[in-house]
Amino acid sequence: MIQPLFNFGETSSSGLGALGVDPKAFIVQLITFVLAFLVLRRFAFKPITKMMDDRRKLIESGVTIGEQMQKDQAKLEAKIAEELSKAREQADSILSAAQDEAKEAIKDAETKAREKADAILVDAKEKTKQDIARARKQLEAEVINLISDATEVIIGEKVDAKKDAQLIDKALKGGAN
Amino acid sequence: MKAPRSAIAKVINQKLDKADAKKAAEDIAGYLLAEKRVGELDSLMRDLQQIRSDQGAVEVNALSAHELDQNSINEIKTLIKTKFPGTNQIIINKIIDNDVVGGVRLVMANQQLDLTIRYKLSKFKQLTTS
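Chains A and B supply the protein sequences, listed in that same order.
Its first residue numbered 0, the first sequence is counted upward by one per residue in numbering that gives the first Met the number 0.
Its first residue numbered 0, the second sequence is counted upward by one per residue in numbering that gives the first Met the number 0.
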């Protein structure tokens, strides 16, 4: 039969007895407590502590990774900003070069067009001159034909047999020479 | 092989001397038709004229717009005698051609003397348009 630690109603007159604490029971309880503590330490505290350690480590590693990721993100953003800036500069310089080239090309095209127009004008003037000369020659030929035809008609009408005989006489004398 | 034109012309000349001209002409025409050489008639006639000219008989075609008078004919004969001293016979064929307008064109076997107004007008056109 287990003696209760505290005998309520039963009192001792000295020391711990006065407080109602049974030394034997106290020692047994203490041994029990120590045993329980040892058992708990062996089978409960260690796993629990280990588990809590593991969780703590996990949390810590997560925090570390998070911090690292934040740093990486910051670096990446900085790099992106730098690359963007470089790309913008490159784009600006390409655009500027393209604009200059375009201006040059336009200038060249204008110059060539002007030269071509001048050449066309010169050709046209030359052609006009030639056309005029040709037309003049044609007109001369037509006028001469007209004169010749008119002469023929007039002579045909005016020259009778007698005049013709005189012409023949004159021509033969000239032919003899 | 075809006979050369000059040989044919000689034979015709001989025929004309010996035979009747009409008969000779018929023979020549028959020959040319048989030999399919009708296109050579003009050339043949020129060859014949040349042969006769060499023999002293000059034949001239005188083209004019009006009938040639005797004076003109005499002058033509004088001119022919000047150009062909060995001539003993001059035959002038008078041809009226209004196209010449005035003056005369003398056409011989291989020569021609053009004294027509037509020729002068053509020359004028040529010189002024060249």
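Every residue gets a Cβ at the ideal spot worked out from N, C-alpha and C, and that includes glycine.
Original post:
Is the stretch 103-119 of chain B touching the stretch 61-72 of chain B in the sense that three or more CB pairs, one from each, lie closer than 8 Å?
Top reply: Taking a cut-off of 8 Å on C-beta distances, the stretch 61-72 of chain B touches the stretch 103-119 of chain B, as three or more cross pairs fall below it.
Original post:
Should T164 (chain A) go down as buried or exposed, given a rule of 16 or more other Cβ atoms within 10 Å for buried?
Top reply: In the sequence as presented, Thr is not what sits at residue 164 (chain A); that position holds Ala. It is buried - the Cβ of A164 (chain A) has at least 16 other Cβ atoms within 10 Å.
**OP:** With a cut-off of 8 Å on the beta carbons, I'd call R45 (chain B) and N109 (chain B) a contact; round off their distance for me.
**Re:** Between N109 (chain B) and R45 (chain B) the Cβ distance is about 6 Å, and since that is below 8 Å, they are a contact.
Subject >> Buried or exposed by the 16-neighbour rule on C-beta atoms within 10 Å, applied to S84 (chain A) >> reply: Exposed, because fewer than 16 other Cβ atoms sit within 10 Å of the Cβ of S84 (chain A).
Original post:
Say the cut is 6 Å; is the CB of I79 (chain A) nearer than that to a heavy atom of the ligand NAD?
Top reply: As far as ligands go, the structure on display features none, and thus does not contain the ligand NAD.
**OP:** Would you list the one or two residues that DSSP bridges to Q67 (chain A)?
**Re:** DSSP, once it has assigned bridges, lists no residue as partnering Q67 (chain A).
**OP:** Compute the Euclidean distance between the alpha carbons of R51 (chain B) and L138 (chain A), then round it to the nearest angstrom.
**Re:** R51 (chain B) and L138 (chain A) have their C-alpha atoms roughly 49 Å apart.
Subject >> DSSP beta-bridge partners of L67 (chain B) >> reply: Per DSSP, none; premise fails for L67 (chain B).
Original post:
Between the beta-carbon of L15 (chain B) and the beta-carbon of A23 (chain B), is there less than 7 Å?
Top reply: The answer is yes: Cβ separation under 7 Å.
**OP:** Please report the Cβ distance between R4 (chain B) and E58 (chain B), rounded to the nearest whole angstrom; I am assuming they are in contact, meaning their Cβ atoms lie under 8 Å.
**Re:** Contact between R4 (chain B) and E58 (chain B) does not hold, since their C-beta atoms are separated by about 18 Å, which reaches or exceeds 8 Å.
Subject >> Residue range of the unbroken beta strand (DSSP E) whose run includes N92 (chain B) >> reply: Per DSSP, the unbroken beta strand (DSSP E) holding N92 (chain B) starts and ends at Q88 to I95.
Original post:
I94 (chain B) and L47 (chain B) look like a contact to me (Cβ under 8 Å); what is the Cβ gap, rounded to whole Å?
Top reply: Contact between I94 (chain B) and L47 (chain B) does not hold, since their C-beta atoms are separated by about 18 Å, which reaches or exceeds 8 Å.
Original post:
Should S71 (chain B) and I153 (chain A) be called a contact, given that it needs their Cβ atoms to be closer than 7 Å?
Top reply: One thing to note: S71 (chain B) has its Cβ no nearer than 7 Å to the Cβ of I153 (chain A).
Original post:
Cα separation between D122 (chain A) and Q129 (chain A)?
Top reply: D122 (chain A) and Q129 (chain A): Cα-Cα distance of roughly 10 Å.
**OP:** Quick one: which residues of the stretch 155-175 of chain A get their C-beta closer than 7 Å to a C-beta of chain B? List them in chain order.
**Re:** Taking a C-beta cut-off of 7 Å against chain B, the contacting residues of the stretch 155-175 of chain A are G155, V158, A160, D163, A164, L166, I167, D168, A170, L171, G174 and A175, listed in chain order.
Subject >> Three-state secondary structure assigned by DSSP to D159 (chain A) >> reply: Coil.
Original post:
From T86 (chain B) to Q13 (chain B), what does the alpha carbon distance come to, in whole angstroms?
Top reply: Straight across, the Cα-Cα distance linking T86 (chain B) with Q13 (chain B) is about 19 Å.
Subject >> Beta carbon of K76 (chain B) nearer than 7 Å to that of I89 (chain B) >> reply: A Cβ-Cβ contact shorter than 7 Å links K76 (chain B) with I89 (chain B).
Original post:
Where does L112 (chain B) fall in DSSP's three states?
Top reply: Strand, per DSSP.
Subject >> Same chain, Cβ closer than 6 Å to I116 (chain B), neighbours up to 5 away in sequence not counted >> reply: Excluding residues within five positions, the ones whose Cβ falls inside 6 Å are V100, G101 and G102.
Subject >> Cβ neighbour criterion (16 or more within 10 Å) applied to V177 (chain A) >> reply: There is simply no residue 177 (chain A) to check, as chain A begins at 0 and stops at 176 in what is shown.
Original post:
Which residues in the same chain as F83 (chain B) place their Cβ atom closer than 6 Å to its Cβ, once the five residues preceding and following it in sequence are excluded?
Top reply: Scanning its chain for C-beta atoms nearer than 6 Å, with the 5 sequence neighbours on each side dropped, one finds around F83 (chain B) the residues V57, in chain order.
Subject >> Residue-level contact to chain B via CB, I153 (chain A), 7 Å cutoff >> reply: Chain B has no Cβ within less than 7 Å of the Cβ of I153 (chain A).
**OP:** Go ahead and pull the three-state DSSP assignment for R40 (chain A).
**Re:** Shown here, R40 (chain A) sits in a helix according to DSSP, grouped into three states.
Original post:
Beta carbon of L78 (chain B), beta carbon of L171 (chain A): below 7 Å?
Top reply: Taking 7 Å as the cut-off, the beta carbon of L78 (chain B) is found closer than this to the beta carbon of L171 (chain A).
Original post:
Can a CB atom of chain B be found closer than 7 Å to the CB of I131 (chain A)?
Top reply: Contact with chain B is absent for I131 (chain A), since none of that chain's Cβ atoms lies less than 7 Å from the residue's Cβ.
Original post:
How would you label I26 (chain A), buried or exposed, when you count the other beta carbons within 10 angstroms and need 16 or more for buried?
Top reply: With fewer than 16 other Cβ atoms from the protein chains shown falling within 10 Å of its own Cβ, I26 (chain A) counts as exposed.
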